[in-house]
Amino acid sequence: MLKPIINIFPAANTPMDNLPTWRALPSFGLAHLDPFIFINHHGPATFEPHNPGLPFGPHPHRGFETLTFVFEGEVYHRDSHGGEGVIRPGGVQWMTAGRGIIHTEISSKEFQENGGNVHLVQIWMNLPPELKMTAPGYQDLDAEKIIQINGVDGKSVLHLISGDFAGKKGPAKSITNLFTAWLEIKAGGTFSWDVEAEKNIMFYIVNGEIVVNGNPANTHKLVQFSKEDGAIEIDAKEDSIILLGHGTPFNAPIVAQGPFVMNSDTQILEAMRDYRMGKMGVWID
Numbered sequence: 199m200l201k202p203i204i205n206i207f208p209a210a211n212t213p214m215d216n217l218p219t220w221r222a223l224p225s226f227g228l229a230h231l232d233p234f235i236f237i238n239h240h241g242p243a244t245f246e247p248h249n250p251g252l253p254f255g256p257h258p259h260r261g262f263e264t265l266t267f268v269f270e271g272e273v274y275h276r277d278s279h280g281g282e283g284v285i286r287p288g289g290v291q292w293m294t295a296g297r298g299i300i301h302t303e304i305s306s307k308e309f310q311e312n313g314g315n316v317h318l319v320q321i322w323m324n325l326p327p328e329l330k331m332t333a334p335g336y337q338d339l340d341a342e343k344i345i346q347i348n349g350v351d352g353k354s355v356l357h358l359i360s361g362d363f364a365g366k367k368g369p370a371k372s373i374t375n376l377f378t379a380w381l382e383i384k385a386g387g388t389f390s391w392d393v394e395a396e397k398n399i400m401f402y403i404v405n406g407e408i409v410v411n412g413n414p415a416n417t418h419k420l421v422q423f424s425k426e427d428g429a430i431e432i433d434a435k436e437d438s439i440i441l442l443g444h445g446t447p448f449n450a451p452i453v454a455q456g457p458f459v460m461n462s463d464t465q466i467l468e469a470m471r472d473y474r475m476g477k478m479g480v481w482i483d
């Protein structure tokens with residue numbers, strides 16, 4: 199049985215400074231897919247030599263995790279708890295904000311000097327109430343560390359980040375047992391994915407054109423599935439890249455303001471206070 203599709207949502211065009219940006223979540227008609235609460239798609243874009251780089255200077259977070267996929271270019275991460283690394287095409291960065299972190303996601307001096315292409319997607323993943331104040335952390339996963347699983351027809355590759363698939367386990371540690379991956383599938387390829395009932399599914403088309411469970415969908419589309427048991431069948435009409443994920447919803451209040459995602463307005467005010475008081479770490483340029 200195929201898992202029913204509830205709706206297909208287009209991402210909104212929300213450019214940031216010199217960076218083309220598409221926001222897939224939250225979107226008109228869909229506030230979240232708890233535990234997936236935010237998806238920003240940046241690029242593709244070409245930065246000329248002597249450019250300012252990515253516009254994500256130092257800023258705080260609390261109450262959730264981020265996962266950044268890099269398809270072109272690079273992202274340099276540094277945070278107030280000692281995490282640091284550069285991720286290049288095919289790699290990901292997984293950051294646990296937990297009780298509070300300050301970080302920056304920018305381009306290297308070399309990229310700013312020479313220019314180049316940029317294409318990345320960042321998703322935010324909620325934490326349950328009991329883990330909102332967990333210790334911050336950072337996982338730096340180059341392309342070589344990510345498990346690759348070839349499709350049976352030889353036309354697809356699943357890049358497994360966290361969770362289990364086909365008897366293999368992704369390298370990233372998820373404290374909420376999330377499945378996360380990205381799928382490369384060539385035109386004419388097919389791919390089948392079984393997801394148990396009661397999971398919320400993230401299914402975002404980075405680029406390409408597909409038919410999923412009989413429904414056409416293409417670049418910048420977020421597909422919302424029912425929580426019923428069933429399979430997801432993908433037929434690629436063009437070479438495509440799709441972000442995949444699933445997790446158990448926490449069914450707790452979600453209160454988001456700026457860089458903080460908590461369970462109440464009071465907790466948001468506490469996060470603002472703690473940031474001002476330096477409780478999320480001290481930032482030194």
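Everything in the sequence shown is counted per my numbering, starting at 199 for the first residue and increasing by one.
Beta carbons are placed, not taken as given, at the ideal position from N, Cα and C, and that holds for glycine.
All values reported here derive from a predicted model rather than from experimental measurement.
- [ ] State the Cα-Cα distance for the pair residue 395 and residue 426, rounded to the nearest angstrom.
- [x] Position 197 of the sequence shown, counted from the first residue, corresponds to residue 395. Position 228 of the sequence shown, counted from the first residue, corresponds to residue 426. If you take the alpha carbons of residue 395 and residue 426, they lie about 5 Å apart.
Open item on the list: Looking at residue 383: is its Cβ nearer than 8 Å to the Cβ of residue 434?
Closed with: Taking the first residue of the sequence shown as position 1, residue 383 is located at position 185. Taking the first residue of the sequence shown as position 1, residue 434 is located at position 236. Residue 383 places its beta carbon less than 8 Å from that of residue 434.
TODO: Keeping to the same chain, check which residues put their C-beta closer than 8 Å to that of residue 344; ignore five residues upstream and five downstream.
DONE: What you label residue 344 is simply residue 146 of the sequence shown in a count that begins at 1. Closer than 8 Å at the Cβ level, and outside the excluded window around residue 344, lie 288, 289, 290, 357, 358, 359, 368 and 369.
TODO: Have a look at residue 471 and residue 481 and give me their C-alpha separation to the nearest angstrom.
DONE: Position 273 of the sequence shown, counted from the first residue, corresponds to residue 471. Position 283 of the sequence shown, counted from the first residue, corresponds to residue 481. Computed Cα separation, rounded: 16 Å.
TODO: Could you check if residue 233 is buried or exposed, using at least 16 other CB atoms within 10 Å of its CB as the buried criterion?
DONE: By 1-based counting over the sequence shown, the position of residue 233 is 35. Buried, since its Cβ has 16 or more Cβ neighbours within 10 Å.
TODO: Use the C-beta contact count for residue 202: other C-beta atoms within 10 angstroms, 16 or more gives buried, fewer gives exposed.
DONE: Indexing the sequence shown from 1 puts residue 202 at position 4. Exposed is the call here.
TODO: Say whether the segment 437-448 touches the segment 315-326, bearing in mind that this needs 3 or more beta-carbon pairs closer than 8 Å, one atom from each stretch.
DONE: yes
Task: Of the residues 267, 386, 240 and 219, the one placed nearest residue 337, counting alpha carbons only - done: As a position in the sequence shown, residue 337 is number 139, starting the count at 1. Of 267, 386, 240 and 219, the residue nearest in Cα terms is 267.
Task: Close beta carbons around residue 393, own chain, < 7 Å, minus the five adjacent residues each side - done: Taking the sequence shown and counting its residues from 1, one reaches residue 393 at position 195. Taken in chain order, the residues that qualify are 201, 399, 430 and 444.
- [ ] Could you tell me whether the Cβ atoms of residue 239 and residue 209 are closer together than 8 Å?
- [x] Numbered from its first residue, the sequence shown carries residue 239 at position 41. Numbered from its first residue, the sequence shown carries residue 209 at position 11. Yes, the Cβ-Cβ distance between residue 239 and residue 209 is below 8 Å.
Open item on the list: According to DSSP, simplified to helix, strand and coil, what is residue 293?
Closed with: Residue mapping note: residue 293 aligns to position 95 of the sequence shown, counting from 1. Looking at residue 293 - three-state DSSP - the assignment turns out to be strand.
TODO: Would you check if there are 3 or more beta carbon pairs closer than 8 Å linking the segment 210-226 to the segment 299-311?
DONE: Remark: fewer than three beta-carbon pairs, one from each stretch, lie closer than 8 Å, so the segment 210-226 and the segment 299-311 are not flagged as touching.
- [ ] Measure the C-alpha to C-alpha separation of residue 446 and residue 373 and round it to an integer number of angstroms.
- [x] Counted from its first residue, the sequence shown places residue 446 at position 248. Counted from its first residue, the sequence shown places residue 373 at position 175. Cα to Cα, the separation comes out at about 12 Å.
Task: For residue 456 and residue 327, the rounded distance between their alpha carbons - done: Counting from 1 along the sequence shown, the entry for residue 327 is found at position 129. Counting from 1 along the sequence shown, the entry for residue 456 is found at position 258. Those two C-alpha atoms are separated by around 19 Å.
Task: Separation of residue 389 from residue 255, as counted between CA atoms - done: Taking the first residue of the sequence shown as 1, we reach residue 255 at position 57. Taking the first residue of the sequence shown as 1, we reach residue 389 at position 191. Near 38 Å, if we compare the C-alpha coordinates of residue 389 and residue 255.
Open item on the list: Rounded to the nearest angstrom, what separates residue 230 and residue 463 at their Cα positions?
Closed with: Counted from its first residue, the sequence shown places residue 230 at position 32. Counted from its first residue, the sequence shown places residue 463 at position 265. Each residue's Cα considered, the two are about 18 Å apart.
Open item on the list: Taking the beta carbon of residue 273 as the centre, do at least 16 other beta carbons fall within 10 Å, making it buried, or is it exposed?
Closed with: Counted from its first residue, the sequence shown places residue 273 at position 75. Here residue 273 is buried. Its C-beta has 16 or more other C-beta atoms within 10 Å.
Open item on the list: Less than 7 Å between C-beta atoms, sequence neighbours within five positions excluded: which residues of the same chain meet that for residue 468?
Closed with: Here residue 468 refers to the residue found at position 270 of the sequence shown. No residues qualify anywhere along the chain.
- [ ] Give the secondary structure of residue 328 by DSSP, where H, G and I count as helix, E and B as strand, and everything else as coil.
- [x] For this step, residue 328 is matched to residue 130 along the sequence shown. In the structure shown, residue 328 sits in a helix (DSSP, three-state: H, G or I).
Open item on the list: Could you tell me the alpha carbon to alpha carbon distance between residue 305 and residue 251, rounded to whole angstroms?
Closed with: Along the sequence shown, read from residue 1 onward, the residue named residue 305 stands at position 107. Along the sequence shown, read from residue 1 onward, the residue named residue 251 stands at position 53. About 5 Å.
TODO: In angstroms with no decimal places, state the Cα-to-Cα distance between residue 263 and residue 409.
DONE: As a position in the sequence shown, residue 263 is number 65, starting the count at 1. As a position in the sequence shown, residue 409 is number 211, starting the count at 1. Between residue 263 and residue 409, the C-alpha separation is close to 30 Å.
Open item on the list: What does DSSP give as the partner residue(s) for residue 240 in the beta ladder?
Closed with: Looking up residue 240 in the sequence shown gives position 42. According to DSSP, which records beta bridges pairwise, residue 240 is partnered with 219 and 318.
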